[in-house]
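Written out below as structure tokens is the structure these notes cover.
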Amino acid sequence: MKLYLKLFCLAIIVIFSGSCKKYLDVVPPDVGTLDYAFRSRDAAENYLFACYSDLQQLNDLNRSAGFTTSSEIIFPFDLPSNPIDITGFSLITGTQNAGNPGLNYWDGTNNGIGMWKSIRRCNTMLANINEPADLTATEKARWIAETKFLKAYYHYYLFRLYGPIPIIDVNLPVEASTAEVKVKRMPVNDVVNYIVGLLDQAIPDLPSTIDNPSKELGRITAPAAMAIKAEVLMTAASPLFNGNPDYANFKDKSGTLLFPAYDATKWQKAADACKAAIDACEAAGLKLNTTFLPAPNVTNLPDSLKTVLTFQNALWQNWDSNPELIWSLSSIWHGQEYCIPRMTQKANQNDGQNPAYYAVPMSTTELFYSNNGVPINEDKTWDYTGRNELRVGDDANFFYIEKGYTTVKSNFDREPRYYGSIGFDGGIWFGNGIYDAKQAHYVAARGVTSLAGPKALEKTNITGYWPKKLANYLTVYDDGFTWTDFQMPVMRMAGLYLLYAEALNEVNGPTPEAISYVDNIRARSGLAGVVSSWANYSNNPTKPTTKDGLRAIIHQERRIELCFEGQSGWDLRRWKELQGVLSVPCKGWSIYESQAVNYYRAVNVEIPVFNTRDYLWPIATNSLVINDNLVQNPFW
Amino acid sequence: MYKNFTTNICMPSGYAKKLLLIMKITTFLLFLAFMQVSAAGFSQKITYEKSDATLKQLFSEFNKQTGYNIFWSSKRINAAPKINVNFVGVPIEQALKTCLQGLDLTYKIEGKSIVIKDLPVDDQPNAPPKKITITGKVTDTLGVKITGASVVAENVRGIATSTDENGKFVLDVEPGTTLKISFIGFVDEQVVVSEDKKVYNVILREAKSQMEEVVVLAYGKKERKEAVVGSVTTIKPADLKIPASNLTDALAGSAAGIIAFQGSGQPGQDNATFFIRGVTTFGYNVNPLILIDNIELSTNDLARLQVDDIESFSILKDASATALYGARGANGVILVTTKSGKLGKPTINFRLENSISENTQSLKIADPITYMNDFNEAALGRDPTQPVPFNQDKILNTENTINKGPGYNPYVYPAVDWLKMLIKPSTTTQRADLSVSGGTPFARYYVSGSYDLDHGNLVDDPNNNNSDNVKFQNYQLRSNINLNLTKTTEAVVRFSGTFSSYAGPLTTDGTFSSDVYKIALHTSPVLFPAFFPADSANRQTQHILYGAPEALGTPYNNPYALLERGHKNSSESRMLAQLELNQNLNFITEGLAFHGIFSTNRYSYFDSNLAYNPFYYNVSSYNKANNTYVLNWLNQTPGDAEEYLQYFPGTPIISNQLYLQGNIDYSKQLHNHNISANLVFTQQQTVYSNASTLIDALPHRNLGIAGRAAYNYLGKYFTEFNFGYNGSERFSANNRYGFFPTIGVGWLVSEEKWFEPLDKIFTRFKLRASYGLVGNDAISDRRFFYASDVNLNGGASATFGTNAGYSHPGVAINNYADPNVTWETSKQLNIGLEMTLLKNLNIVAEVYNYNRYNILQQRSYIPSTSGLEAPIYANLGKANSKGLDLTLDYKQTINKDLSITGRGNFTYATDKYTSYEEPDYPEAYRHFVGQPIREGYGYIAERLFVDDAEAASSPTQIFSPTGKAPKGGDIKYRDLNGDGIIDSRDETFLGYPSVPEIVYGYGLSTQYKNFDLSAFFQGQAMVSFMIDPNEVSPFVQSTDAYIYGNTQLLQQFADNHWSPGNQNLFALYPRLGVNRDDIENNLQPSTWWLRSGAFMRLKSLEFGYTLPSNISKKLGLKNLRVYFNGLNLYTWSSFKLWDPELGSNGFAYPIQKVYNIGVNVNL
């Protein structure tokens, strides 16, 4: 008995003491750490994708200041609940504030993406790229180039929003001291030089085309990087950042001026970069996409409609066969369901899921030229003052406007890009399940009983205009919703040509070379050249002959051609034209009225608010408290 | 005895005496023969005569004659004088005796050998002790027998017993033995057994005060109250008995030092939130450690525990009391032990209760007409261009529906009182509890079973073939068996199982029925009816034609359909097996014992959900003339509506816990010095199934050694040293082990001689103090700070390729490694005073001061530009808390029929940040340091704006990029920093903390003959809460993801809100609005919504009747008591919208008022 007890005690002591040391080492030694991300080529490729990750998030245009703050599309605000994050759309109503900024890309809040995190990822990639043993030299060079491009692009994105920003070239260690982490904002020129420098390092090692589109389409190429470099230099040369008097005295805490004085040579640099990009793109087989191949079941397609579709096709054609597309973030853009009005009974019953919220205000519809290729308020032959009078669809406009349907005069005699971009009450909507052009759908939007008319607020288009260009004609909204996807370009050839035209005009004034790039684009949509159109139809026939006149023409051309593509919000900012655009109310029709005479009375649907300070984003007040080396942007 | 005999034999004596002598001799010889049977076998006779023989000569002669080898030490026998012998046929034993007579020597025969050795000092050789059998009875001073009193022979091992159910004992002892008779709560008695007294009736005096009781301390150690130097509060289990199926709901006000409040009254989800001495850290874990029979379990396990099964309930509050739990004790410890069997015949205890419960306070909802008028006001008041939400036709016809006027139609113009339709005003609960206990000297047992049946308050609908109502059942089985394996070894085997099952409507968020309640509060009363009777087109339809709003996309928000559409069943259980071994190690050294526990338990949960997809309809056209309507089927998309049930499996959760404990205990009394010491080793592991990450799947472990050394002198001066040395898996090897020492002292002043003059007033007076460290390793929800947490397979994906066909999941950093993170530690000082005044009033008063440091906190200075993917943490924060616990106890027996007891306790706990890393705000009022923990934070509301013009000209109040600027009737905030913008820089600390600083309870109970009556009041004070405007604002969409409708209108808001017609700048509710962006200004946390959470309530009232014992005996019962009681019967508070204990969760399932009838039978 005694022996038994003694043994028992001994056993307990042995069991307990023996197990102590290892007992608390719960974590196995091979638990994944960041080192594992670079152990092999495949793991490193995964990390490269992580570097791309935030960039691809920008494919959601609701996050984009270029898309949501241009007043090309507005969003109804009084919904009980919103299907999307409406922060971006609400900014033009004056809700931006420093306490809690909207689309806060600095801190990654309010539908913004924390871009400093993206930059840190890129730096981590660059610091570890030599780790994987099985990574070949060529692939390594390409990946380094891609990461540098991404790092440059993230800096550029922040630069467009905030202007002078800190440059994060290498990562600070996690345990960095309080003083070290308090970085400073760098002057605009330094930031631009840094971005351009990174791009210059990246471009030589990037491929000129994607050889394996099924796996790599969307990865950056040399022509795309050159096009982005051109855009960066265009932005730096533009009035917002080049000698902007509003920011002339903006200094950091040590007294350094953060904005440069005007420097005309920046336009030359931009023009050179544009030309280099165009050359590289054309060498890679990129060009304007002027060929539209209708789907096999399309019948009775007239030339007029074909011109419209050719214009739209520059956006819609599948990327791997689309010669116009320089770079997009993804081969799928999500958002068509917000753009298509209800045109069938079944769609009407199925109205909850696919609300056509994206409403185009009248100011945007009026940007589009008359069928003579000049602005409607300049066209001598176009009844600008009587544009809101009623007119009935006739045989002549059969493929644009429903025959016998009463609509408004402004829908008649417009350029094909108008019919390609805008859906309106009485307008023909080719596609959506019916491919016989003679039987095409049209939009009936007057009053609550019409198919496309307002129902409850959350399924209502509040202006009576739809962004038709953002809905592929093969996408069907009927019983359910059947998507035929397309990609949203970050840069396409038309945009690059227009950048070059703009730069050339700034450098040399109106030259035939500058005008020729504009004319090529107009020609695709069936419009005559700038010079002849203005000479023949404009009440200001000499407009293309002056630098200012041609600048206005190129700016409007760019806004028309790239409408709804998330570009003009950025363009209007760099041109410092956004304040002017947003100084007029956003108008729409009286959508609840069912009689044409009542419906076609324009009402204000939204009053934009835009002040000088809104050209740049505010840094959140709290970030300024945490890092007192930062200075707030002017006027915030 | 032998001596007596030999002297007697030479004495002259009478015949009778002689006879007796002969008998004695015979007995003795027989006895000898019996005892030394082996020796007798070799016995041979000696015949030898010699004068002046030495022993040596004699022994050698004996050896010759008998063959026995005789061993001796010459040193011993050389001194012996020579003797003359004349043996004739004398047995060798006799011969040896003759030889050794008169010498201090004796002999021993072993086999063929004889050993000559020294005579034992006291005794004669081989004289067995004479034992006598005594009996006795132990009673108290009133003559009531005491069962289970221990009767122990002092200084004699193995002689002990305890009294049976009649208070009697039987014991065989030697005369002269001192017996110690003791029983908990009584003063020990000692008696000396004398030879001629066989019956000892002992009367035990009750200990000087009732406080002379045993307290259960860390690791279940029992200690006399007097000797305790730490802060420990014991709750009598009876005081926790309330008519609710949740033990935690009884905690508030029942013990000094507990801060508790209840946030919901929903069956199965009604756990109170409780803290020991308030919230003493702003770190991650603020909850006390809960130990049931030494095993760490969850709040739910505590909540489901049956009060009848509880033996003791202790709350360990200060460093000294919790030190043994070292790294886990910083937030206090709740220690519960369950009952064990007592020696005796089986005792059966049976309790049956039936309760009716109803809301303590129901929300008042405005009628449908007011709803529509105010909705119109809200919509058009914000934006006059909007279409009118409810036109006059709709309002008039709805009014007609309500009045049941001519041609009314409740389906086309519905007016639905959703709450009334779905929720019953009251519901019932049944509880039954049965226990059997008893024991033999070898084994004692306590076996109990209980069953609680709680019903929800949902209406059972005849349309449904399932029962809609919530049915929450809880079964519990418990068996505690004590086995005395040997005289020194006891094994305890405990098995317990708690099984609960839920059946009820399908819920979206798994919170049982409350979402039906919540959804009903967020559904418009006038948009659609619950269901339609079939119209002409739907005569053949098999399914219910549910109503739905025409305007809303899926999922539709018809609470009736959500209730009817399906069914959820879930089952939850914890099964525990525990083996304990108590080994007395007196054979090593007196007072040493070993105690070991092996325990394992398994928790499991699973659920299943069945539901169909309801068909929703609205009225597409209505013919007023013949009062017929045509229905329109709304959800026609294939798959959106199905008549048949679909099955949705739930996610089972299983966890397994393993616990090992070993204690070495030592205690020794040396005259006036008492020493005791313990050493405890513990290790614990929990493993979870279905862990979502590798990190969670790794076993959760901790390990510790703890020790205690206590010394007291004269039972008057006490001192104690404790330590916990704990290891935690969470920290890097450098910080893995933490050492937490404490020291405590106590002084029983009333035992001092000089105190005697005060004895009449202060029956007892004790001072104690403790100081020490305790730790907390649960500093974050993150497990391993020393290891980085990288998701190598997700978190930052990208997709490339034609049709987005090629993707990688990316890499995301969840946490950076930080090897420096370490224990959160609390430095705790506690000073206590215990006294008994005038014999009847016990007072315990304690003050404490805790300084918590190394609180883990997110580093606040890391700017976004660093680009870190996860925040960085460090042990930076410090907090201070101090307070007062006060307990009063009063007992007065007025005469034999009437007695009164009273109890009261009061807890005051305050805390504040003493160090907090935060940005260097220029505004002093934003800094945390010096502010209480969990205090409200927000804007200071001045009043409502007079009109739009004033709102426009005041400092900007836009709070988010989607918010709208305020208008007249919206809340005007104070621009604290005067910069013309109201933003986060103008927010400051508001009101009292949301956890009450004062919680108190007091009650009185009286007993008169067989009747008893008791009342208990409970309250809290110095507490604030904010009405959550996000939740209660009428007409706007709820913030809860699963609720799609608009919030109903509270009557009080309808009566008193700012409107153009009632421009009251201090109206209860500001200007109405129909969507969140419009009223964003009013949704900000501010003093506008701040309310005092103070209240006092009549927590319980109980009236009982016990059957007179003569009647119950006839019925074959020991005892029978019938009682009626009530819970939460009345509340006093300045807040009127809902029960103030709910705090900001006004739309939560209301706290219940319970009326209960119960019967308790003892067999």
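So the protein sequences, as listed, match chains Y and Z.
With the numbering used here applied, the first sequence corresponds to residues 120 to 755, in that order.
With the numbering used here applied, the second sequence corresponds to residues 2 to 1164, in that order.
Cβ coordinates follow ideal geometry from the N, Cα and C atoms, glycine included.
Q: Spell out whether any CB of chain Y is found under 9 Å from the CB atom of Z/V620.
A: Translated into positions along the second sequence, residue 620 of chain Z becomes position 619. Judged by the 9 Å Cβ criterion, Z/V620 is not in contact with chain Y.
Q. Among Z/E1142, Z/P526, Z/V1075, Z/V1160, which residue has its Cα nearest to the Cα of Z/S1034?
A. Mapped onto the second sequence, residue 1034 of chain Z falls at position 1033. Residue Z/V1075 holds the alpha-carbon nearest to the alpha-carbon of Z/S1034 among Z/E1142, Z/P526, Z/V1075, Z/V1160.
Q) beta strand (DSSP E) containing Z/T888: first to last residue? A) Counted from its first residue, the second sequence places residue 888 of chain Z at position 887. Per DSSP, the continuous beta strand (DSSP E) segment holding Z/T888 begins and ends at 874-894.
Q: Provide the residue span of the alpha helix (DSSP H) that contains Z/N64, from first to last.
A: For this step, residue 64 of chain Z is matched to residue 63 along the second sequence. Boundaries of the alpha helix (DSSP H) around Z/N64: 56-67.
(Q) Tell me the rounded alpha-carbon separation between Z/E214 and Z/K343. (A) As a first step, residue 214 of chain Z must be located in the second sequence, where it is residue number 213. As a first step, residue 343 of chain Z must be located in the second sequence, where it is residue number 342. If you take the alpha carbons of Z/E214 and Z/K343, they lie about 18 Å apart.
Q: Let me know if Z/G795 comes out buried or exposed under the rule of 16 or more other beta-carbons within 10 Å of its beta-carbon.
A: Here residue 795 of chain Z refers to the residue found at position 794 when the second sequence is read from its first residue. Result: exposed.
Q: Leaving aside the five residues before and after Y/T429 along the sequence, list all residues of the same chain whose C-beta is less than 6 Å from its C-beta, in chain order.
A: The sequence position of residue 429 of chain Y within the first sequence is 310, counting from 1. Result list for Y/T429: F411, in chain order.
Q: Just grab the DSSP bridge partners of Z/W824 for me.
A: Sequence index remark: in the second sequence, residue 824 of chain Z carries index 823 (1-based). DSSP output for Z/W824 lists no bridge partner at all.
Q. Since Y/W585 is in the beta strand (DSSP E), which residue starts that stretch and which ends it?
A. Walking along the first sequence from the start, residue 585 of chain Y turns up at place 466. Where Y/W585 is concerned, the enclosing beta strand (DSSP E) stretches over 584-586.
**Q.** Beta-carbon proximity check, Y/N419 vs Y/D513, cutoff 9 Å
**A.** Translated into the one-based positions of the first sequence, residue 419 of chain Y becomes position 300. Translated into the one-based positions of the first sequence, residue 513 of chain Y becomes position 394. Result no, Cβ atoms of Y/N419 and Y/D513 do not sit closer than 9 Å.
Q. Just the Cα atoms here: how many angstroms apart are Z/S729 and Z/N777?
A. Stepping through the second sequence from its first residue, residue 729 of chain Z is reached at position 728. Stepping through the second sequence from its first residue, residue 777 of chain Z is reached at position 776. Going by the C-alpha atoms only, they are around 10 Å apart.
**Q.** Start-to-end residues for the beta strand (DSSP E) that takes in Z/T911
**A.** On the second sequence, residue 911 of chain Z is found 910 positions in, with the first residue counted as 1. In the DSSP assignment, Z/T911 falls within the beta strand (DSSP E) that extends over 899-916.
Q: Can you grab the Cα-Cα spacing for the pair Y/P292 / Z/T743, in whole Å?
A: For the purposes of this step, residue 292 of chain Y is taken as the residue at position 173 of the first sequence. For the purposes of this step, residue 743 of chain Z is taken as the residue at position 742 of the second sequence. Their Cα atoms are separated by approximately 40 Å.
Q. Residues in the stretch 800-815 of chain Z with C-beta within 8 Å of chain Y's C-beta atoms, listed in sequence order?
A. Residues of the stretch 800-815 of chain Z with a C-beta atom less than 8 Å from some C-beta of chain Y are T800, F801, G802, T803, N804, A805, G806, Y807, S808, H809, P810, G811, V812, A813, I814, listed in chain order.
Q: Give the C-beta separation of Z/S865 and Y/W225 to the nearest angstrom, bearing in mind that I take them to be a contact with Cβ-Cβ under 8 Å.
A: By 1-based counting over the second sequence, the position of residue 865 of chain Z is 864. By 1-based counting over the first sequence, the position of residue 225 of chain Y is 106. About 5 Å; that satisfies the 8 Å criterion.
Q: Compute the Euclidean distance between the alpha carbons of Z/E644 and Z/Y617, then round it to the nearest angstrom.
A: Start at 1 with the first residue of the second sequence, and residue 644 of chain Z comes out as number 643. Start at 1 with the first residue of the second sequence, and residue 617 of chain Z comes out as number 616. Distance between the alpha carbons of Z/E644 and Z/Y617: 12 Å.
Q) Do we get a CB-CB distance below 9 Å when we pair Y/I347 with the residues of chain Z? A) Taking the first residue of the first sequence as position 1, residue 347 of chain Y is located at position 228. No, no contact with chain Z.
Q: Measure the beta-carbon distance from Z/T1048 to Z/F1096 and round it to whole angstroms, keeping in mind my assumption that it falls under 8 Å.
A: For the purposes of this step, residue 1048 of chain Z is taken as the residue at position 1047 of the second sequence. For the purposes of this step, residue 1096 of chain Z is taken as the residue at position 1095 of the second sequence. With 8 Å as the limit, Z/T1048 and Z/F1096 do not qualify as a contact, their Cβ atoms being about 25 Å apart.
Q. Does the beta carbon of Z/H701 sit closer than 9 Å to a beta carbon anywhere in chain Y?
A. Within the second sequence, numbered from 1, the residue matching residue 701 of chain Z stands at position 700. It does; some Cβ of chain Y falls within 9 Å.
(Q) Could you compute how far the alpha carbon of Z/D124 sits from the alpha carbon of Z/L834? (A) Position 123 of the second sequence, counted from the start, is the residue given in the question as residue 124 of chain Z. Position 833 of the second sequence, counted from the start, is the residue given in the question as residue 834 of chain Z. Any reading at Z/D124 must be qualified, since the residue scores a pLDDT of 47, below 50, and its modelled position is unreliable; no value is offered.
Q) Does the beta carbon of Y/F754 sit closer than 9 Å to a beta carbon anywhere in chain Z? A) The residue you call residue 754 of chain Y lines up with position 635 of the first sequence. No, no contact with chain Z.
Q) Does the beta carbon of Y/W708 sit closer than 9 Å to a beta carbon anywhere in chain Z? A) Position 589 of the first sequence, counted from the first residue, corresponds to residue 708 of chain Y. Y/W708 does not count as touching chain Z.
Q. Z/M36 CB to nearest chain Y CB: under 9 Å?
A. Walking along the second sequence from the start, residue 36 of chain Z turns up at place 35. Confidence at Z/M36 is low in this model, with a pLDDT of 40, below 50, so the placement of that residue should be treated as unreliable; the coordinate-derived value is given next. With 9 Å as the cut-off, Z/M36 does not count as an interface residue toward chain Y.
Q) Counting Cβ pairs closer than 8 Å, one from the stretch 857-874 of chain Z and one from the stretch 885-900 of chain Z, do we hit at least three? A) No, because fewer than three Cβ pairs between the stretch 857-874 of chain Z and the stretch 885-900 of chain Z fall closer than 8 Å, the two stretches do not touch.
Q: Sort Z/S232, Z/G567, Z/D1078 by Cα distance to Z/D886 and report the nearest one.
A: Here residue 886 of chain Z refers to the residue found at position 885 of the second sequence. Ranking Z/S232, Z/G567, Z/D1078 by Cα distance to Z/D886 puts Z/S232 first.
Q | Y/I634 to Y/M305 span [Cα, whole Å] | A | The residue you call residue 634 of chain Y lines up with position 515 of the first sequence. The residue you call residue 305 of chain Y lines up with position 186 of the first sequence. Cα to Cα, Y/I634 sits roughly 37 Å from Y/M305.
Q) Since Z/V116 sits in a beta bridge, which residues does DSSP pair it with? A) As a working note, residue 116 of chain Z is residue 115 in the second sequence. Answer by DSSP bridge pairing, in chain order: Z/F72, Z/K109.
Q: Answer yes or no: does any C-beta atom of chain C fall closer than 9 Å to that of Y/Q468?
A: This model lacks chain C altogether, as its protein chains are Y and Z.
Q: Following the continuous alpha helix (DSSP H) through Y/E632, name the residue where it begins and the one where it ends.
A: Working through the first sequence from its first residue, we reach residue 632 of chain Y at position 513. For Y/E632, the enclosing alpha helix (DSSP H) has its first and last residue at 631-643.
Q) What residue does the beta strand (DSSP E) around Y/M610 start on, and which one ends it? A) Here residue 610 of chain Y refers to the residue found at position 491 of the first sequence. Element bounds for Y/M610: 608-611.
Q: Reducing DSSP to helix, strand and coil, say where Z/K973 ends up.
A: As a working mapping, residue 973 of chain Z is identified with position 972 in the second sequence. DSSP places Z/K973 within a strand segment (E or B) once states are collapsed to three.
Q.
Threshold first: 4 residues or longer. Then list the alpha helix (DSSP H) segments lying entirely within the stretch 916-993 of chain Z, N to C.
A. Whole alpha helix (DSSP H) segments, 4+ residues: 949-954.
Q: State yes or no: is the beta carbon of Z/F32 nearer than 9 Å to at least one beta carbon in chain Y?
A: The sequence position of residue 32 of chain Z within the second sequence is 31, counting from 1. Residue placement at Z/F32 is poorly supported in this model, since its pLDDT is 43, which falls under 50; the coordinates still yield a value, given next. By this cut-off, Z/F32 is not an interface position.
**Q.** Candidates Z/A261, Z/V308, Z/D294: closest to Z/V287 by CA position
**A.** Against the second sequence, residue 287 of chain Z aligns to sequence position 286. Scanning Z/A261, Z/V308, Z/D294 for the CA closest to the CA of Z/V287 turns up Z/A261.
(Q) Quick check: the stretch 688-700 of chain Z against the stretch 784-803 of chain Z, are at least 3 beta-carbon pairs closer than 8 Å? (A) They touch, by the three-pair rule.
Q: Check whether the Cβ atoms of Y/V609 and Y/W435 lie closer than 9 Å to each other.
A: Position 490 of the first sequence, counted from the start, is the residue given in the question as residue 609 of chain Y. Position 316 of the first sequence, counted from the start, is the residue given in the question as residue 435 of chain Y. With respect to the 9 Å criterion, Y/V609 and Y/W435 are not classified as neighbours on the basis of their beta carbons.
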